[in-house]
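Here the structure comes first, spelled out in structure tokens, and everything after it is commentary.
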Amino acid sequence: MEWKRLRLEDKPIIDQALREHPLRLSDYPFTNLWFWDIHRHYTIATVDGFLCIRFVDEKNKNSVFLYPIGSGSRKSLIEKLSESEARFRMRAVPEEGIAELQGLPLFIEAETAHFDYIYSYDDLLNLAGDHFQAKRNFIHQFEQKYLFQYKEISFSLLPKIIAAEEEWFNDHTNPNDGMRREHEATLRGLKDFEFLNVYGGAIIIDNKVVAYSVAEYISEEMLLIHIEKALKGYKGAYAMINQQMLLHLKPVSFVNREEDLGLDNLFKVKQSYHPIQLVKKFVISKT
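Quick note, this note's numbering runs 242 ahead of the 1-based positions in the sequence shown.
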């Protein structure tokens, strides 16, 4: 197997593979890979007609595979990959991929902390019904208190977006390693924003970015939110950037807001928007 480091120039390869063989999980779009490549050092290879992706675990430094992208049975390929690593591990395996692994000496476990949260686009945009009353209140209070603008992220706005990201991180007095890694990954992605061909929007007050979001369409019916940040002291800014972003983008059926990572605060926030589905992911490893 000939593995090579992931490069910006590989974006068309990943994009085409996912167009031809869709995997509607947040782990696979090139944007996500590129953000996190700063820590995970992704490599790619074509094996038996499948696009294979591998990265370095940030904690134990072992190699971890993603589910191969392609058509047909992956059973023999996954068996081959498992034999190539003493501590074989494969993440983000979709639920529909589990059945074909029967008979392999592999341990299968649900990655509940990494299930993707799926929402109705209309629900997030309109916030209709009693269960969204609190979100509507946040937006109303924000509109009453601030004179704001929504702007699409452009090259000229990027310095202010990066400044907002730096302020967001520095507002946390004791950031943990996960938060630091996320911040570094976000900065990397923002610096390559134009090349990644993603969409972004920002809430601006007094010429300052106080909230921003970055997203991309991963299918004709689904929008994936990569980043959503708001500065402290601007109550309602999160609810406002969520709604404004959707208001200014092409409408679709669903929104993927990624994972809760097993963190209580993320779990509560994601549940507060009332997901219509959690997309299961599995990890497989040697028994």
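Think of the CB as a built atom: it goes at the ideal place given N, C-alpha and C, for glycine as much as any other residue. Just so we're clear, the structure is a prediction, and the values are computed from it rather than from any experiment.
Could you check what DSSP says for residue i in three-state terms: helix, strand or coil?
i, result
"D269", "coil"
"D299", "coil"
"S362", "strand"
"H283", "coil"
"G442", "strand"
"L275", "helix"
"K322", "helix"
"H373", "helix"
"N368", "helix"
"E351", "strand"
"K474", "coil"
"I447", "strand"
"H382", "helix"
I need the straight-line Cα distance from residue i to residue j, nearest angstrom please.
i, j, result
"V335", "D506", "24 Å"
"H281", "I256", "19 Å"
"A328", "N302", "14 Å"
"E353", "S315", "22 Å"
"E462", "E394", "21 Å"
"I447", "Q391", "7 Å"
"A453", "K322", "46 Å"
"W245", "F496", "35 Å"
"A376", "D358", "23 Å"
"G312", "C294", "9 Å"
"S326", "T288", "15 Å"
"N304", "L389", "50 Å"
"I404", "Y284", "24 Å"
"D252", "L438", "11 Å"
"Y309", "L429", "27 Å"
"F277", "N449", "27 Å"
Does residue i pass the burial test, meaning 16 or more other C-beta atoms within 10 Å, or should it be called exposed?
i, result
"H468", "buried"
"R296", "buried"
"P271", "buried"
"R422", "exposed"
"H356", "buried"
"E436", "exposed"
"F349", "exposed"
"R499", "buried"
"I518", "exposed"
"N274", "buried"
"S324", "buried"
"A259", "buried"
"P254", "exposed"
"L228", "Examination of residue 228 is not possible in this model, given that the chain is present from 243 through 529 alone."
Span of the beta strand (DSSP E) holding residue i?
i, result
"K510", "Unbroken run through K510 is the alpha helix (DSSP H), D506 to S514; no beta strand (DSSP E)."
"E394", "F390 to E394"
"Q519", "Q519 to V521"
Can you tell me where the alpha helix (DSSP H) with residue i in it begins and where it stops?
i, result
"Y480", "A479 to L489"
"R430", "D419 to K433"
"N412", "L400 to N412"
Measuring alpha carbon to alpha carbon, tell me which residue in the options is nearest residue i.
i, options, result
"D269", "T288, P254, E321 and M332", "M332"
"K492", "S305, Y363, D413 and V289", "Y363"
"D455", "A479, Q258 and M464", "This sequence places Ser at residue 455; Asp is not what is there. It is A479 whose Cα lies nearest to the Cα of S455."
"K512", "R266, H490 and F374", "F374"
"H490", "S318, F307 and L367", "L367"
"A370", "F509, Q485, Q386 and F397", "Q485"
"L503", "G420, F292, R378 and A472", "G420"
"L265", "L248, W276 and E337", "E337"
Any beta-carbon of chain C closer than 8 Å to the one on residue i?
i, result
"H468", "Chain labels in this structure do not include chain C; a single protein chain is all it has."
I want to check one thing, is the minimum distance from the CB of residue i to the heavy atoms of the ligand MN below 7 Å?
i, result
"I460", "Ligands in the displayed structure: none, and consequently the ligand MN is not present."
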